[in-house]
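Have a look at the structure below before the remarks.
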DNA sequence: TGCAAGATTCTACAACATTAGAACAATAAG
DNA sequence: CTTATTGTTCTAATGTTGTAGAATCTTGCA
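Protein chains in written order, with my numbering: chain C, 1 to 112; chain Z, 113 to 224.
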């Protein structure tokens with residue numbers, strides 16, 4: 001990964017709203033590598049995150065607690081995906097997100 | 113530290129030029145905590161960084177290899193300082209920078 | 001088939017970021 | 001003292017980002 005890629009990752013996390021979205025996903029779905037998609041949403045701490053009680057509908061739930069328009073949130077998801085931080089899949093009305101832990105690891109690595 | 117503080121840190125690192133400046137400082141002066149200011153510039157790998165051969169004049173040397181105006185670089189230094197990532201001191205024509213490793217650590221902490 | 005709900009895309013615009021240049025202040029060197 | 005060097009600040013131009021709303025697409029359900 002090049003410097004430009006890292007700056008892109010940091011840019012994706014540089015907006016407070018987007019960082020909040022990322023952390024909501026990260027803190028709830030940072031399943032061990034190898035976990036099948038669809039099982040990612042394991043609630044770790046319901047008190048700190050409003051994405052609760054369900055494994056899917058991440059988008060809608062995040063919309064419900066974010067006070068931003070859907071289009072804006074969709075845009076933020078795209079930015080996070082584009083930086084490689086998350087991957088998203090739609091399967092019908094189920095919206096599944098997964099944090100790309102390799103990328104998170106490489107940030108930590110980058111910072112030595 | 114709050115979410116907003118983290119987003120500010122990430123914003124400081126979100127610009128490629130500024131990230132480059134930060135890394136030049138980081139890779140050359142990440143001295144152990146407690147090291148006195150003025151002894152931070154220990155060259156670790158001269159081949160990957162153009163800040164060479166001296167402990168001070170960081171500003172000038174970074175200018176020399178950055179292809180940006182002095183005023184722009186000064187501005188970038190300010191952003192990095194404002195985010196808490198570095199501290200700078202001038203003593204005459206000696207410009208000394210230090211990476212705030214606590215902040216770097218707290219990023220790593222945040223991402224885990 | 002038709003309607004409702006979920007998510008995306010397009011458009012537009014205000015706000016903010018990046019940048020250089022000129023003027024300046026502080027220091028060093030001759 | 002004068003001149004060159006170093007870094008800051010101000011101003012202004014240009015480019016990028018964050019955001020909402022309307023239109024659109026996709027899926028599920030009656």
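Glycine included, every Cβ here is placed at the ideal spot set by N, Cα and C.
May I ask you to report which of helix, strand or coil DSSP gives residue 98(C)?
In the structure shown, residue 98(C) sits in a strand (DSSP, three-state: E or B).
Just tell me which of 77(C), 61(C), 1(C) has its CA closest to the CA of residue 13(C).
Closest by alpha carbon: 77(C).
Mind checking if residue 99(C) is an interface residue toward chain Z, Cβ cutoff 8 Å exclusive?
no
Hey, out of 198(Z), 206(Z), 207(Z), 208(Z), whose CA is closest to residue 216(Z)'s CA?
198(Z)
For the stretch 182-216 of chain Z, list every residue whose C-beta sits within 7 Å of some C-beta in chain C, in sequence order.
216
Looking only at its own chain, which residues have a Cβ that is under 7 Å from the Cβ of residue 79(C), when we skip the five neighbours before and after it?
Cβ within range, chain order: 12, 18.
Taking CB distances under 8 Å as the criterion, tell me whether residue 169(Z) reaches chain C.
False, the Cβ-Cβ gap to chain C never drops below 8 Å.
How long is the line joining the alpha carbons of residue 82(C) and residue 113(Z), rounded to whole angstroms?
27 Å
Starting from residue 219(Z), find everything on chain C with Cβ-Cβ shorter than 7 Å and list it in chain order.
111
Between residue 303(Z) and residue 187(Z), what straight-line distance do the alpha-carbon atoms span, to the nearest angstrom?
With chain Z running from 113 to 224 in the structure shown, residue 303(Z) is simply not present.
List the residues that DSSP assigns as beta-bridge partners of residue 199(Z).
Beta-bridge partners assigned by DSSP to residue 199(Z): 210(Z).
Leaving aside the five residues before and after residue 174(Z) along the sequence, list all residues of the same chain whose C-beta is less than 7 Å from its C-beta, in chain order.
133, 136, 163, 185
Give a yes or no on whether the C-beta atoms belonging to residue 108(C) and residue 220(Z) are separated by under 8 Å.
yes
Whose CA, out of 223(Z), 203(Z), 207(Z), 200(Z), lies closest to the CA of residue 172(Z)?
207(Z)
Suppose contacts are defined by Cβ-Cβ distances below 8 Å. Is residue 128(Z) in contact with residue 7(C) by that definition?
Yes. Within cutoff.
Within the same chain, show all residues whose beta-carbon is closer than 6 Å to that of residue 209(Z), passing over the 5 residues directly before and after it, in chain order.
Excluding positions up to five away in sequence, the list reads 137, 170, 198, 200.
How is the alpha helix (DSSP H) around residue 63(C) delimited, first residue to last?
58-64
For chain C, is any of its Cβ atoms less than 8 Å away from the one on residue 127(Z)?
yes
Using CA atoms only, rank isn't needed, just tell me which of 213(Z), 179(Z), 182(Z), 196(Z) is closest to residue 116(Z).
196(Z)
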